[in-house]
Structure formats: C-alpha cells, structure tokens
Amino acid sequence: SDTGIFTRLIRTATTVNIGDVAGTYKNGYIAINLLGKRYYAHRLAWLYMKGGWPENEIDHINGIRDDNSFFNLREATHTENVRNHAMKKNNTSGYKGVSWSKKEKKWIAVCTVNRKPYYLGSFNTAKRASVAYEAFAKEMYGEFYVKSGQPSHLRQKKVRMCVDVSRDFHTRFRHHALDEKKNVMEL
C-alpha cells in the first residue's frame, strides 16, 4: 500500500499491540524503532515502495511532515527540500522573502537560490515586494516552488489509511540495513 502508515505485526512491548500504528513523533515527523535503531517513517516508506534507501533527502510535497503517503514523497537535495518550507514564524510582512528595510524605509524582496541571496529590489508595499519574490521563486524553484503564505493543509489533502508492515518488508529492511550500513546512519 502507499499510505506510509506502518502498523505492528508483532508485540514488541507490553504496551504495544498487534495492529497499533507504529512510531512516535519527533519534530513533527514520525520515527519508528526497528532492530534497535530509530528511522523516520518517510524514509522507511521510500525503502518499502522503491526497494532501496534514497540517495538524498525525502521531501513531503504538501509540507505535512507526518503525511508519509508515497504520492506525497519525492527525493530531493537539501537545497530543493528547504525551498517549500513554510514562512518563518518571526516574519512580520506576511509574505515569504519580504522584509522591512529600516535603511531604505521600504519593503525589500530577497530570494535565496543555492545558498546565494538575490536582492530583488525595494518596494513601497509588502504586496509589491511579494509579487517580485513570487515571480523569481517560481522560475528558480521549479517543481519545488510553493506560493508564499499558502498553508500546507491547502497544498494537498491529507490522506489517512493504515497498512500492515509485511514480513517481506522486514526481510528487505534487514537486507538493506546490512548492505547499506552507511546509509542507515543518514536517516
């Protein structure tokens, strides 16, 4: 199944029952302990669906960290992965990439691409600065572009269903954990 929700097939503790959803929350992500190590569920979902560990990071397309349905996951470099992050909590303009310049006494737009900030100009309104940021970000970020201020729950509906972790998955997991020990530590 492609839901990304793992359920227990065996009891691993007195408080764990067969059929329970596996994992605990860690920074908004679901983490699952397997064979004495902790793994993020989105990486396990990738392993389960693709048959191998991802070479890079896994991006949640809709921005919902615990939505590990396979259609919501894509492999991404770190740079690509941070492009669709939500607006920072300390943002005062209400627009991504827009801030007030005390020096210029205007709103400025800045977009970072490959760790290089691009100054897009100064504007009389935050809205106009946002238009400049959005146009530039859309062109530069491609499929990883997310419109500024768009809440993650509006990006894509969250789907919830349960899937059993099959014995076949455990066999494949053990195989990959042994063959790609260096990648296991990168979870």
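Mind the numbering: the sequence shown is residues 522 to 708 in our numbering, read in order. The beta carbon of each residue, even a glycine, is placed where N, CA and C say it ideally should be.
Residue from Tyr-616, Asn-602, Ser-643 whose Cα sits closest to the Cα of Met-608: With distances taken between Cα atoms, Met-608 lies closest to Tyr-616.
Three-state secondary structure (DSSP) of Thr-600: helix
Cβ shell of Ser-614 (< 8 angstroms), same chain only, five flanking positions each side left out: Ser-620, Trp-621, Trp-628, Ala-647, Ala-650, Ser-651
Beta-carbon spacing of Thr-528, Asp-541 below 8 angstroms: yes
Beta strand (DSSP E) runs contained entirely in the region 537-612, provided each spans 3 or more residues: 545-547, 550-555, 558-561, 578-581, 594-597
CB contact flag (Arg-604, Tyr-662, <8 angstroms): yes
Distance between Asn-538 and Arg-532 (C-alpha atoms, nearest Å): Here the alpha carbon of Arg-532 sits roughly 5 angstroms from the alpha carbon of Asn-538.
Straight-line gap, Phe-657 to Thr-633 (C-alpha atoms, nearest Å): 10 angstroms
Rounded C-alpha distance that separates Arg-559 from Lys-623: 46 angstroms
Cross-strand partners of Lys-627 (DSSP beta bridge): Ser-622
Beta-carbon spacing of Asn-548, Asp-580 below 8 angstroms: no
Buried/exposed call for Arg-564, threshold 16 Cβ in 10 Å: buried
According to DSSP, residues forming a beta bridge with Ser-643: Ile-629
Distance CB(Tyr-654)-CB(Ala-630) smaller than 8 angstroms: yes
Assigned exposure category for Leu-594 - 16 Cβ within 10 Å defines buried: buried
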